[in-house]
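The number in my numbering is simply the position in the sequence shown, starting from 1, with 483 added.
Quick reminder that beta carbons are idealized off the backbone N, C-alpha and C, glycines included.
Just so it is clear, the structure is predicted and the values come from calculations on it, not from any experiment.
I have placed the structure first, in the form of structure tokens, so that the comments after it can refer back to it.
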Amino acid sequence: MTERNNFIDISKGIAIILVLFNHYVWEKTSIFNTHLYYWIVSMAVPLFMLCTGYVTALSFEKKGDTIKTAYSPKRIFSKLFRYIMPFFWFYVIETVLTFAFQKLGYIGYLSDLGFVFSDAYEEKLTFLETVKYFFEGGRGIHGTYYFPIILQVAIIIPLIYTIVRKYEWGIYLCFGINLIFEILKTSLGMTAEVYRILAFRYIFALSMGCYLYTYREKSEKWQKWLVFFLLGTIYTYMVNYTSLERQIFTYRFRNSMISMLYITPLFLLGIKNLGKIRCLFLEKLGKASYHIFMVQILYYNFLAPILWNLSDNNVINDFFGMSISLLVCLGTGYVYYLLYNFISKKYYHTKRI
Numbered sequence: 484m485t486e487r488n489n490f491i492d493i494s495k496g497i498a499i500i501l502v503l504f505n506h507y508v509w510e511k512t513s514i515f516n517t518h519l520y521y522w523i524v525s526m527a528v529p530l531f532m533l534c535t536g537y538v539t540a541l542s543f544e545k546k547g548d549t550i551k552t553a554y555s556p557k558r559i560f561s562k563l564f565r566y567i568m569p570f571f572w573f574y575v576i577e578t579v580l581t582f583a584f585q586k587l588g589y590i591g592y593l594s595d596l597g598f599v600f601s602d603a604y605e606e607k608l609t610f611l612e613t614v615k616y617f618f619e620g621g622r623g624i625h626g627t628y629y630f631p632i633i634l635q636v637a638i639i640i641p642l643i644y645t646i647v648r649k650y651e652w653g654i655y656l657c658f659g660i661n662l663i664f665e666i667l668k669t670s671l672g673m674t675a676e677v678y679r680i681l682a683f684r685y686i687f688a689l690s691m692g693c694y695l696y697t698y699r700e701k702s703e704k705w706q707k708w709l710v711f712f713l714l715g716t717i718y719t720y721m722v723n724y725t726s727l728e729r730q731i732f733t734y735r736f737r738n739s740m741i742s743m744l745y746i747t748p749l750f751l752l753g754i755k756n757l758g759k760i761r762c763l764f765l766e767k768l769g770k771a772s773y774h775i776f777m778v779q780i781l782y783y784n785f786l787a788p789i790l791w792n793l794s795d796n797n798v799i800n801d802f803f804g805m806s807i808s809l810l811v812c813l814g815t816g817y818v819y820y821l822l823y824n825f826i827s828k829k830y831y832h833t834k835r836i
């Protein structure tokens, strides 16, 4: 049996911190809004997808799963339920807060502060729109796309793993499928709102995660990973520091399937060399990352704009604002993780995410 690789949880812990940095509204010239964003902060979700692919492959091998067992109604329902229930309670809280804040006039106050704000919070609450926003991941911004994407990932990841396991060149097939999706998205004029909630943009990242576990004994062939690293590095430099016109990756180009090529070899190095190290703080955050993700949506939509508006000194505001963001989101998110797991084990009997 394969030993638990602690670097997976550590990676997820790092990724959720990057999410918080990503959704913070920094001063325009801040390094977190420029160079660090280009190379590190924007890689948060691709890093999550690499972890998801890796853990899926590990789970398939450990349980001896097949495509048939993976797509049994019981297994699919169980996987979806594990993601839906934590989100359901988050969405109930968001809906209640939206209703209360509308009545108190707080929503109007937030929308007048001058920061990016979701118009959905100002819409009249009806049953149909409440159902609609549930499947869109919530009414706000700052990562609401993640819930619909993770549900799609839960459905397509067994197929992606099966392709990669059966054919070593399956990652290139997934690369091609991902690329075709990007081309069709551009040629058909798909809107950014639709694109953001489709998991097809992460097919290659998921397949790469599956590949790294399935062919872990062959990963010593460093030449391929060096090529990937160079391609990703060159592309990231070109789209961020030159006037390169983006013909295909028109939306979210900074964490596209090409950009993430440069972090994959770094992820592999961590998996191979840091799997036994312990960092309990990051490991705990990694295990609670899904719950933290939901808490930060509420925080960045309802509370953070007030902090961003407190000071005219952007450096001071950024320091205290980000410190408070980390404390509130990580702390409250971890408490939600513990509380939900306590309740789910007692009443739902579901496994931890």
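Burial state of Met691 is buried, judged by a 10 Å Cβ sphere holding 16 or more other Cβ atoms. Buried is the label assigned to His774, since at least 16 other Cβ atoms lie within 10 Å of its Cβ. When the Cα atoms are used, Gly758 and Tyr694 turn out to be separated by approximately 17 Å. For Ala603, no alpha helix (DSSP H) segment is defined, and its DSSP state is neither H nor E. Residue Leu813 holds the alpha-carbon nearest to the alpha-carbon of Tyr783 among Gly659, Lys511, Leu813, Arg487. In the structure shown, Ala771 adopts coil according to DSSP, grouped into three states. Tyr696 is the residue among Tyr696, Ile789, Asn661 whose C-alpha sits nearest the C-alpha of Ala540.
Taking 7 Å as the cut-off, the beta carbon of Ile746 is found closer than this to the beta carbon of Met526. In the three-state reduction of the DSSP assignment, Met740 falls in the coil class. Taking a 10 Å sphere around the C-beta of Phe531, we find 16 or more other C-beta atoms and assign the residue as buried.
If you draw a straight line from the Cα of Tyr644 to the Cα of Gly536, it is about 8 Å long.
Rounded to whole angstroms, the gap between the alpha carbons of Ala583 and Tyr574 is 14 Å. Taking every protein chain shown into account, the CB of Asp801 has 16 or more other CB atoms within 10 angstroms, so this residue is buried. Per DSSP, the unbroken alpha helix (DSSP H) holding Ser542 starts and ends at 527-546. Under the criterion of beta carbons closer than 8 Å, Val778 and Tyr819 qualify as touching, at roughly 6 Å. The C-beta separation of Arg622 from Ser601 comes to about 6 Å, placing the pair in contact by the 8 Å criterion. For Gly753, the enclosing alpha helix (DSSP H) covers residues 746-756. In this structure the region 605-621 does not lie against the region 651-669, because fewer than three pairs of beta carbons, one per stretch, are closer than 8 Å. Counting only residues of its own chain and dropping the five nearest sequence neighbours on each side, Leu689 has a CB closer than 7 Å to the CB of Met532, Thr535, Gly536, Val636, Ile640, Ile643. Straight-line spacing of the CA atoms in Ile567 and Met721 works out to 39 Å.
Tyr520 sits buried, since 16 or more C-beta atoms from the chains shown fall within 10 Å of its C-beta. The Cβ atoms of Ile493 and Leu752 lie no closer than 7 Å to each other. Counting other Cβ atoms within 10 Å of its Cβ, Ile663 stays below 16 and is therefore classed as exposed. By the Cβ neighbour-count rule, Phe560 is exposed, with fewer than 16 other Cβ atoms within 10 Å of its own.
In the DSSP annotation of this structure, the continuous segment of the alpha helix (DSSP H) that includes Ala688 starts and ends at 686-697.
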